[in-house]
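Notes follow the structure.
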Amino acid sequence: MSAQPIPVGLSTASVWPRPASVGFELAEELGYDGVEVMVWADPISQTVSQLRRLSRRHRIPVLAVHAPCLLITQRVWSPDPEVRLRRAVASAVELNARTVVVHPPFRWQRRYAAGFAELVAELEEASGLRVAVENMFPVRPLGRRRRAVSAFHPSIDPTEVGFANYTLDLSHTAAAGMDALALAGRMGAGLAHVHLADGSGVPRDEHLVPGRGGQPCAQLCEQLAAGGFSGQVILEVNTRQSGNDGGRQRDLAQALLFARLHLGH
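If you want the working numbering, it's the 1-based position in the sequence shown plus 48.
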C-alpha cells in the first residue's frame, strides 16, 4: 500500500458549464482533497488571483492546472500554443500546484509539434513541476465506413514519443478502444496523474462516473495503491446529464466514494 493516501481531486471541468468557483465549492462540500483547474473560456479559470482566493476561502488546494489545449480554447491567453503552455506552468507555480496537464500537439501545429518534447522537458526542469502529457483518442468522421483518424502528432499515445511524465485518461482509452492497463504499463514510473472516468466503448469522449462503463477503473486504482503511486487521481466526469445541481452533487459524491474505496482510503 502507499505510505500516504493518494490525493483525490475534482476537475473543474466536471461542473461545466458552471464556472470554476462551483468546482471549489463542491470539492469542499464533498470532501475532495483538491481541484484540478481546467483553463478555458471561464475568466475565473484564467486568473491566478481569483483561483488563489477560491483556494483559500474553501481551504481546497489546487493540485493541478490543465493547460488550454481544446479546440474551443485555442484563443485563451494566446493563439500560440507554446505561450499557453508556458503560462499554464507559470500559473501552476503561483498556485503551488504539482502538475500541469497538457495534450499532445494537433497535427496542424507543426512548429509547436516539432519542438514539443524539448519544450516539455525545458519547462519541467525550470519549474520543478510535472508536465504530464495526456493520452487522447481518434476522431471518427461522419459515415460508418470512414476510418477514425488522429488529430494529434504523432499519435494519440504519448508513450510513442516518450516523456518523463504522463496523464492517463480512462475516458480517452475507452473512446480509443485502447487497453488502459496496458497503457499504464507502458507509462510505467512516468505515470504521474490520472483522470479517473469511465466510458462505454463508443467512439466519443463520455467521461462517465467510474463504474458506469467498461473501463478497468477499480483495477487501476487498486494497482496504483499497491504500487506506491506518488501522483494524483482526478475525477474528470461529465455532469451535464445529471439533471440539476442535486444530481451533479450526487454523481460527484459517488465518483469520490468509488475512488476512495478502490484506492484503499
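Every residue gets a Cβ at the ideal spot worked out from N, C-alpha and C, and that includes glycine. The structure displayed is predicted, hence computed values, not measured ones.
Trp-156 is the residue among Trp-156, Ser-103, Arg-107, Thr-147 whose C-alpha sits nearest the C-alpha of Pro-129.
Ala-115 sits close to Val-87, with the two beta carbons spaced by under 8 Å.
Counting only the Cα atoms, Ala-245 lies some 23 Å from Ala-212. Excluding residues up to 5 positions away in sequence, Trp-88, Ala-89 lie with their Cβ nearer than 8 Å to the Cβ of Ile-120 in the same chain. Under DSSP, the beta-bridge partners assigned to Thr-147 are Ala-112, Arg-178. With contact defined as three or more Cβ pairs closer than 8 Å, the region 95-110 and the region 218-238 are not in contact. A residue is called buried when at least 16 other Cβ atoms come within 10 angstroms of its Cβ; Ser-59 meets this threshold and is buried. Around the beta carbon of Ala-140, a 10 Å sphere encloses 16 or more other beta carbons of the protein chains shown; the residue is thus reported as buried. Here Glu-77 is exposed: its Cβ has fewer than 16 other Cβ atoms, across all protein chains shown, within 10 Å.
Residue pairing for Phe-200: DSSP places it in a beta bridge opposite Phe-154. A distance below 8 Å separates the beta carbons of Ala-223 and Phe-185. The C-beta of Pro-152 has 16 or more other C-beta atoms within 10 Å across all chains shown, which makes the residue buried.
Inclusion of Ser-62 and Leu-309 in the CB contact set at 8 Å is not warranted, their separation being larger than that value. A straight line joining the alpha-carbon of Pro-264 with that of Val-285 spans about 16 Å. Between Thr-207 and the set Leu-99, Cys-117, Ala-237, Gln-280, the nearest pair of CA atoms involves Ala-237. Counting only residues of its own chain and dropping the five nearest sequence neighbours on each side, His-255 has a CB closer than 7 Å to the CB of Ser-219, Ala-245, Glu-284, Val-285, Asn-286.
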